[in-house]
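Notes to accompany the following structure.
Number of protein chains: 2
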Amino acid sequence: MSEPVVLINSFEVAAADAAPFITAWEEARDYLRAQPGYIDTALHQSLAPDAEFQFVNVAHWRSVEDFTAATRSPGFRAVAAGLAGYRSHPALYRPART
Amino acid sequence: MSEPVVLINSFEVAAADAAPFITAWEEARDYLRAQPGYIDTALHQSLAPDAEFQFVNVAHWRSVEDFTAATRSPGFRAVAAGLAGYRSHPALYRPART
Numbered sequence: 040m041s042e043p044v045v046l047i048n049s050f051e052v053a054a055a056d057a058a059p060f061i062t063a064w065e066e067a068r069d070y071l072r073a074q075p076g077y078i079d080t081a082l083h084q085s086l087a088p089d090a091e092f093q094f095v096n097v098a099h100w101r102s103v104e105d106f107t108a109a110t111r112s113p114g115f116r117a118v119a120a121g122l123a124g125y126r127s128h129p130a131l132y133r134p135a136r137t
Numbered sequence: 040m041s042e043p044v045v046l047i048n049s050f051e052v053a054a055a056d057a058a059p060f061i062t063a064w065e066e067a068r069d070y071l072r073a074q075p076g077y078i079d080t081a082l083h084q085s086l087a088p089d090a091e092f093q094f095v096n097v098a099h100w101r102s103v104e105d106f107t108a109a110t111r112s113p114g115f116r117a118v119a120a121g122l123a124g125y126r127s128h129p130a131l132y133r134p135a136r137t
């Protein structure tokens, strides 16, 4: 039943906000990687400072249930507040083709 | 000088178009993976059929130059025509944090 999932989250961040964004992202990552079901994560930064999505996070979780529990926890809401100012486009994915 | 890069391309695809989209994506993949500098690729499909981006492709290339040469080639333009009907958001990234 329970299959690994991939969170892909694209963030709209102005070039001038890259450093504070990364700091806020690291806080959220530090919380999430201690949660059950976390596998790994990778934050990507665009080569072009004016890209539509300057940052894209690709994270692997053991199951939808684990991801949902982690991101609905009160602890996550606290650390995620630092990212609330950046428009994001998160969704859960499955590997489809290679 | 030349560092590996990550292409992340988010596609807006209606749920009903998933199968033809995958067929078209596979054609482009088949062409690109024979080009110099191609490392790997992974097409992700969203769990929710109404996600903003139903598909996200994450591909690794040896360098910007290799990726640019591959995608500017006449052969690529021919196979990429099948994807032209889907709005996409491609950009090149570097790994920033894990």
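Chains as they are written, first to last, in the numbering used here: chain A, 40 to 137; chain B, 40 to 137.
Yeah, the Cβ is synthetic: ideal placement off N, Cα and C, and Gly gets one too.
Would you check if there are 3 or more beta carbon pairs closer than 8 Å linking the stretch 84-95 of chain A to the stretch 41-58 of chain A? yes
Tell me, which residues are paired with A81/B by DSSP? Here the question's residue 81/B lines up with position 42 in the second sequence. Bridge partners of A81/B: V97/B.
Is W100/B near the ligand ZN, going by C-beta to nearest heavy atom under 7 Å? Among the ligands in the structure shown, none appear at all, so the ligand ZN cannot be discussed.
Is any beta-carbon of chain B found at less than 8 Å from that of H83/A? Your numbering for residue 83/A matches position 44 in the first sequence. Yes, its Cβ sits closer than 8 Å to a Cβ of chain B.
Decide yes or no for the touch test of the stretch 66-74 of chain A against the stretch 105-119 of chain A: beta carbon pairs closer than 8 Å, at least 3 of them. yes
Where does the unbroken beta strand (DSSP E) through F115/B begin, and where does it stop? As a position in the second sequence, residue 115/B is number 76, starting the count at 1. F115/B -> not in any beta strand (DSSP E); alpha helix (DSSP H) instead, spanning 113-119.
Is the beta carbon of P129/A sitting closer than 8 Å to the one on L46/A? What you label residue 129/A is simply residue 90 of the first sequence in a count that begins at 1. What you label residue 46/A is simply residue 7 of the first sequence in a count that begins at 1. Yes, these two residues count as a Cβ contact at 8 Å.
Of the residues that make up the stretch 111-136 of chain B, which ones have a beta carbon closer than 7 Å to any beta carbon in chain E? Among the chains of the structure shown, chain E does not appear; the protein chains present are A and B.
What is the DSSP secondary structure of L46/B, counted as helix, strand or coil? Along the second sequence, read from residue 1 onward, the residue named residue 46/B stands at position 7. Strand.
Classification of T62/A by the beta-carbon crowding that lies within 10 angstroms, buried from 16 upward: Working through the first sequence from its first residue, we reach residue 62/A at position 23. So T62/A ends up on the exposed side.
Give a yes or no on whether the minimum CB-CB distance between L71/A and chain B is below 8 Å. Along the first sequence, read from residue 1 onward, the residue named residue 71/A stands at position 32. By this cut-off, L71/A is not an interface position.
T80/B and D79/A look like a contact to me (Cβ under 8 Å); what is the Cβ gap, rounded to whole Å? Here the question's residue 80/B lines up with position 41 in the second sequence. Here the question's residue 79/A lines up with position 40 in the first sequence. Incorrect: roughly 19 Å between the Cβ atoms, too far for contact.
I'd like the span of the beta strand (DSSP E) that includes R136/A, first residue to last. In the first sequence, the residue the question calls residue 136/A occupies position 97. Segment 126-136, the beta strand (DSSP E) holding R136/A.
Of the choices S41/A, D56/A, E42/A, whose alpha-carbon is the least far from that of L122/A? Walking along the first sequence from the start, residue 122/A turns up at place 83. For the residues S41/A, D56/A, E42/A, the minimum Cα distance to L122/A belongs to D56/A.
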